[in-house]
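To convert, note that position 146 of the sequence shown is 524 in the working numbering; the numbers rise steadily by one, no gaps.
Where is the CB? At the ideal position from N, CA and C, for every residue including glycine.
Fair warning: this is a prediction, and the values are worked out from it, not measured in the lab.
Since the structure comes first, as structure tokens, the remarks are kept for the end.
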Amino acid sequence: MRAILLAAGVGSRISREVAKPKSLLDIGTGEALIHYTVRMLLRNKISVSIVVGYQKQLFFEALGDLPVTFVENPFYRVSNSIASLWFARDLIGGGEDYLFANADVYLEEEILHKLLAAKEDVTMLADYRRVLEGDYFFHCENGLVKGYGKEMPVNQRTCEYVGAAKVGRGYIETFKRDLLAMVDAEEYQTWWETVLYGHCDQVDIYTMDVAPYFWSEIDYIEDYERIVDFVKGK
Numbered sequence: 379m380r381a382i383l384l385a386a387g388v389g390s391r392i393s394r395e396v397a398k399p400k401s402l403l404d405i406g407t408g409e410a411l412i413h414y415t416v417r418m419l420l421r422n423k424i425s426v427s428i429v430v431g432y433q434k435q436l437f438f439e440a441l442g443d444l445p446v447t448f449v450e451n452p453f454y455r456v457s458n459s460i461a462s463l464w465f466a467r468d469l470i471g472g473g474e475d476y477l478f479a480n481a482d483v484y485l486e487e488e489i490l491h492k493l494l495a496a497k498e499d500v501t502m503l504a505d506y507r508r509v510l511e512g513d514y515f516f517h518c519e520n521g522l523v524k525g526y527g528k529e530m531p532v533n534q535r536t537c538e539y540v541g542a543a544k545v546g547r548g549y550i551e552t553f554k555r556d557l558l559a560m561v562d563a564e565e566y567q568t569w570w571e572t573v574l575y576g577h578c579d580q581v582d583i584y585t586m587d588v589a590p591y592f593w594s595e596i597d598y599i600e601d602y603e604r605i606v607d608f609v610k611g612k
């Protein structure tokens, strides 16, 4: 299995408060978040590639002791994560299962184990405990994504998207084809997950509830502080 982590962005919502990419922040143990994530993936026999851009040299330095592959998105300031994944297109395919994830997401390892055990072609991590507050929401029916959005009305929300998905070998070629088509159509300013959302009416896009485990995606300084508090309390 291969993991591709998206770490090219500036992180504009938190960049005024921290001087480095948010996935390079110390999680309270002297270790950067992305270093923790990569070690966890390698421990589970998953090869790791990382798409970098903003302050890329810091990633090279932070992960120099680990066997990872780097891909660069030089247009990180004028594109979104779909472009980052496009730059990693040559790594996608070949009958493998894939884990795509935003690099600023902290996951307890038990969540990864649950996701790896999923048998479906597409499984997106979601938190069914969170519908009142969050960053991006799903409306699900029988566990399948049927609606999605940042501004979804509360009464339509089923869960919050966590920031990672497993795409199996049975679907990966379709995923890659549509990824390439979207970028060819100059859809640079959207998220990589949009490739999946475009199929939710034709393909079963499953969700997996991360409860009862802890996770946090760093959008604001408070999200980072939640991670540090959790790690120090373990």
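CB-CB under 7 Å to Phe553, same chain, minus the five flanking residues each way: which ones, in chain order?
Val545, Val573
So what's Phe478 in DSSP terms, helix, strand or just coil?
strand
Leu477 to Gly527 span [Cα, whole Å]
22 Å
Identify which residue in Pro452, Phe453, Pro531 has its Cα closest to the Cα of Leu510.
It is Pro531.
Counting only the same chain and skipping the five closest in sequence on each side, list residues whose C-beta sits under 7 Å from that of Phe608.
Same-chain partners within the cutoff: Phe592.
Helix, strand or coil for Trp464 per DSSP?
helix
Contact between the segment 553–567 and the segment 506–526 is defined here as three or more beta-carbon pairs at a separation below 8 Å; is this criterion met?
no
If contact is defined by three or more beta carbon pairs under 8 Å, each pair taking one atom from either stretch, is the segment 554–562 in contact with the segment 430–449?
no
Top-ranked residue by Cα proximity to Val388, from Met379, Val429, Gly408
Val429
Going by alpha carbons, who is nearest to Ile412 out of Val456, Tyr602, Gly576?
Tyr602
Going by other Cβ atoms of all chains shown within 10 Å of its Cβ, with 16 needed for buried, is Phe452 buried or exposed?
Residue identity differs from the one stated: residue 452 is Pro in this sequence, not Phe. When all chains shown are included, Pro452 counts as exposed.
Buried or exposed: where does Arg507 fall if 16 or more other Cβ atoms within 10 Å of its Cβ makes it buried?
exposed
Kindly give me the distance between the Cβ atoms of Gly541 and Asn480, rounded to whole angstroms, as I take these residues to be in contact under 8 Å.
So it is a contact: roughly 4 Å between Cβ atoms.
Near Ala410, what residues of its chain come up, given a Cβ to Cβ distance below 8 Å and the 5 sequence neighbours on each side ignored?
So the list reads Ser401, Leu402, Leu403, Asp404, Ala440, once near-sequence residues are dropped.
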